[in-house]
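Student: Sending over a structure as structure tokens; questions will come in a sec.
4 protein chains.
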Amino acid sequence: MRTARYLCMKSIKEHCEMKSRLNVGVVGLGRLGRVYAADLAHRVPNANLVAVADKQEGLAETFAKEYGIPTWYRSHLDLVHDREIDAVAVITSTSTHQEVVIEAAKNGKAIFCEKPISTSLEGALEMLRIVEKARVFFQMGFQRRFDSGYVAAKKKIEDGVIGTPVLLTSTSRDPFPPPLEFCDPKVSGGLIADMGIHDFDVGRMFMGDVRSVYAVGGTLAYPEMKKVGDIDNAVVNIVFENDTLGAVHLSRNAIFGYDIRAEIWGTKGSLQIGYFRETPILVMTQAGITHDVVPHFMERFEKAYRVQIQNFVDNVLNGREPSITGADGVAAMRVSLAATKSYHENRPVLLKEI
Amino acid sequence: MRTARYLCMKSIKEHCEMKSRLNVGVVGLGRLGRVYAADLAHRVPNANLVAVADKQEGLAETFAKEYGIPTWYRSHLDLVHDREIDAVAVITSTSTHQEVVIEAAKNGKAIFCEKPISTSLEGALEMLRIVEKARVFFQMGFQRRFDSGYVAAKKKIEDGVIGTPVLLTSTSRDPFPPPLEFCDPKVSGGLIADMGIHDFDVGRMFMGDVRSVYAVGGTLAYPEMKKVGDIDNAVVNIVFENDTLGAVHLSRNAIFGYDIRAEIWGTKGSLQIGYFRETPILVMTQAGITHDVVPHFMERFEKAYRVQIQNFVDNVLNGREPSITGADGVAAMRVSLAATKSYHENRPVLLKEI
Amino acid sequence: MRTARYLCMKSIKEHCEMKSRLNVGVVGLGRLGRVYAADLAHRVPNANLVAVADKQEGLAETFAKEYGIPTWYRSHLDLVHDREIDAVAVITSTSTHQEVVIEAAKNGKAIFCEKPISTSLEGALEMLRIVEKARVFFQMGFQRRFDSGYVAAKKKIEDGVIGTPVLLTSTSRDPFPPPLEFCDPKVSGGLIADMGIHDFDVGRMFMGDVRSVYAVGGTLAYPEMKKVGDIDNAVVNIVFENDTLGAVHLSRNAIFGYDIRAEIWGTKGSLQIGYFRETPILVMTQAGITHDVVPHFMERFEKAYRVQIQNFVDNVLNGREPSITGADGVAAMRVSLAATKSYHENRPVLLKEI
Amino acid sequence: MRTARYLCMKSIKEHCEMKSRLNVGVVGLGRLGRVYAADLAHRVPNANLVAVADKQEGLAETFAKEYGIPTWYRSHLDLVHDREIDAVAVITSTSTHQEVVIEAAKNGKAIFCEKPISTSLEGALEMLRIVEKARVFFQMGFQRRFDSGYVAAKKKIEDGVIGTPVLLTSTSRDPFPPPLEFCDPKVSGGLIADMGIHDFDVGRMFMGDVRSVYAVGGTLAYPEMKKVGDIDNAVVNIVFENDTLGAVHLSRNAIFGYDIRAEIWGTKGSLQIGYFRETPILVMTQAGITHDVVPHFMERFEKAYRVQIQNFVDNVLNGREPSITGADGVAAMRVSLAATKSYHENRPVLLKEI
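Chains as they are written, first to last, in this note's numbering: chain A, 402 to 755; chain B, 402 to 755; chain C, 402 to 755; chain D, 402 to 755.
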């Protein structure tokens, strides 16, 4: 599979050079969409958030008025046809990524697409074919790659601080499960795909492509999830193409807060990424010494989301390659699918089976 | 001494109500001034940064163009006469606070004044008299009061978690000294006043007014500072009016990074505020386990500065009392002066002597 | 399989009651044998270390003279025939456990047997049959069960602090590999058996019996280990009989020190066991903040070894059940064998296959 | 004042060489005396604990029988006259140190004397004159000097890791106050002397002799202590002879546990000594992340006490100088007296006044 490369259309590039700010539209104003939109409105100096769209009645209008955004749409199609717009951030539910991205590509927009790339591998590949044909810029969203801990770890490894990496662990634990209706694997892809895709991308970031996976899991903390057919805990073993090893831990019951970690073990040293504390205060009483915990992903990755969308804007304005390609999005998805298959079939699954 | 209270002039108040955004001008674009200005430009949604002023040739213009600010001045007087402006943030060198604040007050502006309030007690009191007479809003800047650690500690104490506070320690340690020319006590007030004023304000925040202080210090790490007559380390004992105790530690040689801490010891428990880590990564090699450190105040208090200026804007727009009054600024200054006097005379000094 | 129960022979029991101290002999004075022997000599008040034996010329004599132990033997058979001795601690190389334990049992000694129980499952079962027939006390050594962290975790779980445990991780990482000759899987059983048996026992301690395992591994850090056919890193997935999950991480390249951890995730909270710091000192320089690490197992588990052998002596003297039975030793071994088989056959292996 | 030097009497030295073990007697079987006695009985291989003495009816006998010690006395005089005994550990209440030490010296015993050296400066000096005249070995007990953290810090400083030390902080905080009857300053010397003497010794260990002190304090947490005239919190500023600075924090209300810390700030880096955790386990629930705390001095310094008494035995047996001299004991006492005087007179006090 080839990488969908960015080939900035001449007209847009010149446009960018002339005005030095990128006109961006955001499609999808769910929880995460609002974060990106607020960042683009207030915190990304070289972006103009010129329009927002959301299919929920009144949502785009309310948001636009609150943030002083001149234009709002209920339909994403209207937004991607807006000629004022250079770039589109696609933060809709995964099932609509394909439709929105394809339409944006056809209209020559630079595209930022939140993970996961699509609900089906075929959909993703079709989408990327059209993106490539349209020669538009396309960047995936995986915000951990922009978190200072992951960035520093990458740099340390490149500097040789830990020698050759031989084993990675990546952990994602949510403080509570999503609403039951979102747990239905037909909607979410299931725990392993829905949650693990971040960890599989982290694995690829540090260790390279995946050769095989084996997953075990269970519905152990929230019996009601059995009704919709999802599990709440899983452990996934990985063997990478270069023979190194990985282990991904996924859970919905990190009752105390949001637990995101990674460790990279090398021949000369190791790196640990992660932290728990939200507030720099210790409470010391007869009950012991206690500190609080970052409650959820927004508090943990607030800055990473901002840095990521800034990176997208900078890449487009400066004619650079995307930091995370469509191929990266597809590759992480294939690991998700393989791990899910492994869980269902209780056997190691080779990536080439997917 | 009475508190300079905010009595929002009718004209401004109506103005605010109509437009729901506060037009702010920033005077002084030094390192900290640029932080406040950038926050007001991009991160405080209900503020418009409409003008900046700095006496250094070209600085205000360059900054204004970079941030898209419509107006710039070289003279602060021109800025405070600008009728578009509702509020002025005074971030100039301390020696000019008096002149700028008085002129702003006379022009009916709401005023935010960075610590320390003034270089002399008389100057501060004169300034506050005029502010009070002009019935304008006046709020001091002490950003630690807006840091999540200090805020959480205040809340825990109010909730009774540690019983009655009996002892406070507050620590400020810089990773390196300021340039020699800024160390001259005639300019800076000396280490105890320049650096300790934050800790004295923290002391007042948690324990109340100060009765007496005793300070020891020395030029121990940087002998060259003796030339300008400053010290680089000091320890200040405090007895508060309610008989509780305090200890302030000041140093210019926290070689490893920026070290800001506070502890409050109560009859039922204790609180520790502070953290060192900049990046959530541990490096584990044969040299041991290592993590990095927040390098300096901007990284440590970036968010507190933003929350503080947001608080100022919200207070003005909503007709609220200032969160930190001019009287607070004067009180912290008097502790600084008493501690400096104690150091020079090598005896405990009562606050009422100042 | 039935548990080998302790049925204290009348003669020994009366003997104990009369003298209130247990006469112990230690067989095997390797690194760990010397630790147990020194503890029994100086730190277990109700034990008399009356004899030591080691097949290496002169070793037992030298040790005995240094510690003031009255009797020494080169042959373990001579020691187990010594009528002064009530109890024998078997710390020889695993391949001789069977012979020594059986001879000790036949001579009516109470027996402490260091893990792993044997080099073969058949050998272990045969040994336990004879132990049971001889009706002697038999206790396995798994020192983590006596470490304050694991003990506290067990207590917290019993107190309901974390609700129902659903997932366990257990980690063993050595700072360097053993000498190549000890890595030969024909001698050591291979990384998974040799190192992982502690983690498998920890798994059983917290989660119960194991249903199936899947292991991946590789020779990634020390290519020379390929010559002897061993691996240096492995990850083992576990599904317990009660459907809960486990993950065991094994490595020989924790270059920075000795890394032993466990986490237990429950429906109401989680527990983490582990620490790194050897000395309570932080070094803070421009290189960051650094602390040292417990270098290896002796420093980490010094106290646990002492508590464990004390527990053995107390159990024998007081006619109590063994804290860790032979059946526990066999069960951990079966998990090791299953995980090793899984690694070789690259498929999940059910415990009942072993 | 001259140092009381060890001049091993010929007869004892030869005795030691012949038998290679030191016969020790312990006078005083209070809480700490029992710790030293148990260490000497079981954990110091080159010591024989041959006798114990305590004036409380039956205490010495009970202890001796439990630990298998052949001889016990009610009167310390009988013990120091016992010709079997080479060395005496004096762990009695401070008010009897003088009498016991003098009698031991006259009988040619090597002496270990727990801090503080005496209840009066005159008493201490008189005692040391007799010790010196008797030419017996005399070593003070200050166990922090043998704690791995303080030892490592001393080594780091000698290795130049932090450049030149310029400021020391030393903290002692107890989890609860002693019984009221022990708080009477006429008995205990008061908080500053009773508790602070450890910190003053730590100050001398790292920074050298003290020039002046200033102390503030109060009865803030336990009003009932006012009845006996003691305070429960104090902060002591120190200026050392070499112009460097110190700060000592003393408190009886570290409600959460035992809080012993020191920090040494140098021109090239800093060191922090201290830890809180008793058990290597974190409890993570919705209340946050919690760990326990070392409850009191015995748990914190268990090993340091053992290392210290081992050091005493080794020094005597090998004819070495005492690790902590009588002069060290006197010097720490003089700082205590100066700081107490400073508190009462509310002024800085020079050591030469004492």
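Even for Gly, the Cβ is constructed at its ideal location relative to N, Cα and C.
Which whole runs of the alpha helix (DSSP H) in the region 573 to 633 of chain A are 4 residues long or more, in chain order?
Tutor: Counting whole runs of 4 or more residues, the region 573 to 633 of chain A contains the alpha helix (DSSP H) stretches 581 to 584, 586 to 589, 592 to 608 and 626 to 629.
Student: Have a look at D/V427 and C/V532 and give me their C-alpha separation to the nearest angstrom.
Tutor: Within the fourth sequence, the letter at position 26 stands for residue 427 of chain D. Within the third sequence, the letter at position 131 stands for residue 532 of chain C. For D/V427 and C/V532, the distance between alpha carbons rounds to 46 Å.
Student: Could you have a look at B/D440 and say whether DSSP puts it in helix, strand or coil?
Tutor: The count along the second sequence starts at 1 and reaches residue 440 of chain B at position 39. If DSSP states are grouped into helix, strand and coil, B/D440 belongs with the helices.
Student: What are the residues of the region 667 to 685 of chain B that lie near chain C, defined by any Cβ-Cβ distance shorter than 7 Å?
Tutor: Those would be F677 and M685, in chain order.
Student: Determine the extent of the alpha helix (DSSP H) in which B/R662 is found, giving its start and end residues.
Tutor: To locate residue 662 of chain B, count along the second sequence from 1; it is residue 261. No alpha helix (DSSP H) holds B/R662; the beta strand (DSSP E) holding it covers D660 to G667.
Student: Do the region 567 to 583 of chain C and the region 704 to 724 of chain C meet, that is, are 3 or more Cβ pairs less than 8 Å apart?
Tutor: no
Student: Taking only the alpha-carbon atoms, compute the straight-line gap between B/L738 and A/E559 and give it to the nearest angstrom.
Tutor: Position 337 of the second sequence, counted from the start, is the residue given in the question as residue 738 of chain B. Position 158 of the first sequence, counted from the start, is the residue given in the question as residue 559 of chain A. Using only the alpha carbons, I get a separation of about 52 Å.
Student: By Cβ distance, which residues of its chain are closer than 7 Å to B/F698, with the 5 residues on each side in sequence left out?
Tutor: Locating residue 698 of chain B in the second sequence gives position 297, counting from the first residue. Only Y659 meet the Cβ criterion.
Student: With three or more beta-carbon pairs closer than 8 Å as the criterion, would you say the region 502 to 511 of chain A touches the region 682 to 694 of chain A?
Tutor: Result no; under three Cβ-Cβ pairs closer than 8 Å.
Student: Please name the residue or residues paired with A/Q673 in a DSSP beta bridge.
Tutor: On the first sequence, position 272 is the one that residue 673 of chain A refers to. Bridge partners of A/Q673: A/E664 and B/L683.
Student: Tell whether a beta-carbon distance below 7 Å holds between D/Q544 and D/A728.
Tutor: Looking up residue 544 of chain D in the fourth sequence gives position 143. Looking up residue 728 of chain D in the fourth sequence gives position 327. No, these two residues do not count as a Cβ contact at 7 Å.
Student: What are the boundary residues of the alpha helix (DSSP H) that includes A/I558?
Tutor: Working through the first sequence from its first residue, we reach residue 558 of chain A at position 157. S549 to E559 is the extent of the alpha helix (DSSP H) around A/I558.
Student: Consult DSSP for C/T741 and reduce its assignment to one of helix, strand or coil.
Tutor: In the third sequence, the residue the question calls residue 741 of chain C occupies position 340. Of the three classes helix, strand and coil, the one that applies to C/T741 here is helix, per DSSP.
Student: Quick check on C/T520: buried or exposed, where buried means 16 or more other Cβ atoms within 10 Å of its Cβ?
Tutor: Stepping through the third sequence from its first residue, residue 520 of chain C is reached at position 119. With 16 or more other Cβ atoms within 10 Å, it is buried.
Student: Could you please give the first and the last residue of the uninterrupted alpha helix (DSSP H) stretch that includes B/E485?
Tutor: On the second sequence, position 84 is the one that residue 485 of chain B refers to. Neither: B/E485 is in no alpha helix (DSSP H) and is coded neither H nor E.
Student: Just grab the DSSP bridge partners of D/K424 for me.
Tutor: By 1-based counting over the fourth sequence, the position of residue 424 of chain D is 23. According to the sequence provided, residue 424 of chain D is Asn. The question's Lys does not apply to it. D/N424 pairs with D/N449.
Student: With B/T472 as the anchor, note down where its beta strand (DSSP E) starts and where it stops.
Tutor: Taking the second sequence and counting its residues from 1, the one referred to as residue 472 of chain B is at position 71. That run of the beta strand (DSSP E) goes T472 to Y474.
Student: Flag this pair as touching only if the region 545 to 565 of chain C and the region 596 to 605 of chain C have three or more C-beta atom pairs under 8 Å; answer yes or no.
Tutor: yes
Student: With 16 as the cutoff for other CB atoms within 10 Å, does C/H498 come out buried or exposed?
Tutor: Mapped onto the third sequence, residue 498 of chain C falls at position 97. So C/H498 counts as buried.
Student: Give me, in chain order, the residues of the same chain whose beta-carbon lies closer than 8 Å to that of B/L683; leave out the 5 immediate sequence neighbours on both sides.
Tutor: One-based indexing of the second sequence puts residue 683 of chain B at position 282. Here the set comprises I690, T691 and H692.
Student: Go through its chain and collect everything with a Cβ distance to A/L568's Cβ below 6 Å, but skip five positions before and after it.
Tutor: Residue numbering aside, residue 568 of chain A sits at position 167 when the first sequence is read from its first letter. Contacts found: L646 and W666.
Student: To the nearest angstrom, how far is it from the Cα of C/P696 to the Cα of C/T680?
Tutor: Counting from 1 along the third sequence, the entry for residue 696 of chain C is found at position 295. Counting from 1 along the third sequence, the entry for residue 680 of chain C is found at position 279. Cα to Cα, C/P696 sits roughly 11 Å from C/T680.
Student: Of all the CB atoms in chain B, is at least one closer than 7 Å to the CB of D/D602?
Tutor: Mapped onto the fourth sequence, residue 602 of chain D falls at position 201. Chain B contact via Cβ: absent.
Student: Roughly how many whole angstroms lie between the Cα atoms of D/V708 and D/V637?
Tutor: Counting from one through the fourth sequence, the residue named residue 708 of chain D turns up at place 307. Counting from one through the fourth sequence, the residue named residue 637 of chain D turns up at place 236. Approximately 29 Å between the Cα atoms of the pair.
Student: Report the three-state DSSP secondary structure of A/Q544 (helix, strand or coil).
Tutor: As a working note, residue 544 of chain A is residue 143 in the first sequence. In the structure shown, A/Q544 sits in a helix (DSSP, three-state: H, G or I).
Student: Starting from C/F513 and walking both ways along the beta strand (DSSP E), at which residues does that stretch end?
Tutor: Counting from 1 along the third sequence, the entry for residue 513 of chain C is found at position 112. C/F513 -> beta strand (DSSP E) spans A511 to E515.
Student: State buried or exposed for D/F657, treating a residue as buried only when at least 16 other CB atoms are found within 10 Å of its CB.
Tutor: For the purposes of this step, residue 657 of chain D is identified with residue 256 of the fourth sequence, where counting begins at 1. Buried is the call here.
Student: When DSSP builds the beta bridges, which residues end up paired with D/F641?
Tutor: On the fourth sequence, residue 641 of chain D is found 240 positions in, with the first residue counted as 1. D/F641 is bridged to D/V611.
Student: Kindly give me the distance between the Cβ atoms of B/L450 and B/V425, rounded to whole angstroms, as I take these residues to be in contact under 8 Å.
Tutor: By one-based count along the second sequence, residue 450 of chain B stands at place 49. By one-based count along the second sequence, residue 425 of chain B stands at place 24. A Cβ-Cβ separation of about 6 Å places B/L450 in contact with B/V425 under the 8 Å criterion.
Student: Beta-carbon separation of A/A635 and A/L651 under 7 Å?
Tutor: Residue mapping note: residue 635 of chain A aligns to position 234 of the first sequence, counting from 1. Residue mapping note: residue 651 of chain A aligns to position 250 of the first sequence, counting from 1. In contact: A/A635 and A/L651 (Cβ atoms closer than 7 Å).
Student: Do C/V736 and C/F538 have their C-beta atoms within less than 7 Å of each other?
Tutor: As a first step, residue 736 of chain C is located in the third sequence; it is residue number 335 there, counting from the start. As a first step, residue 538 of chain C is located in the third sequence; it is residue number 137 there, counting from the start. Cβ distance not < 7 Å, so C/V736 and C/F538 don't count as in contact.
Student: Quick one: is C/S421 near chain D, going by C-beta distance under 7 Å?
Tutor: Residue numbering aside, residue 421 of chain C sits at position 20 when the third sequence is read from its first letter. Cβ-Cβ to chain D under 7 Å: no for C/S421.
Student: C/Q457: buried (16+ other C-beta within 10 angstroms of its C-beta) or exposed?
Tutor: Stepping through the third sequence from its first residue, residue 457 of chain C is reached at position 56. The residue is exposed, with fewer than 16 neighbouring Cβ atoms inside 10 Å.
Student: Answer yes or no: does any C-beta atom of chain B fall closer than 7 Å to that of C/T691?
Tutor: As a first step, residue 691 of chain C is located in the third sequence; it is residue number 290 there, counting from the start. Judged by the 7 Å Cβ criterion, C/T691 is in contact with chain B.
Student: Here's the rule: buried if 16 or more other CB atoms are within 10 angstroms of the residue's CB, otherwise exposed. What is A/S589?
Tutor: Translated into positions along the first sequence, residue 589 of chain A becomes position 188. A/S589 is buried by the Cβ-count criterion.
Student: Under the three-state reduction of DSSP, which class applies to D/L430: helix, strand or coil?
Tutor: Along the fourth sequence, one-based indexing puts residue 430 of chain D at 29. Residue state, collapsed to three classes: coil.
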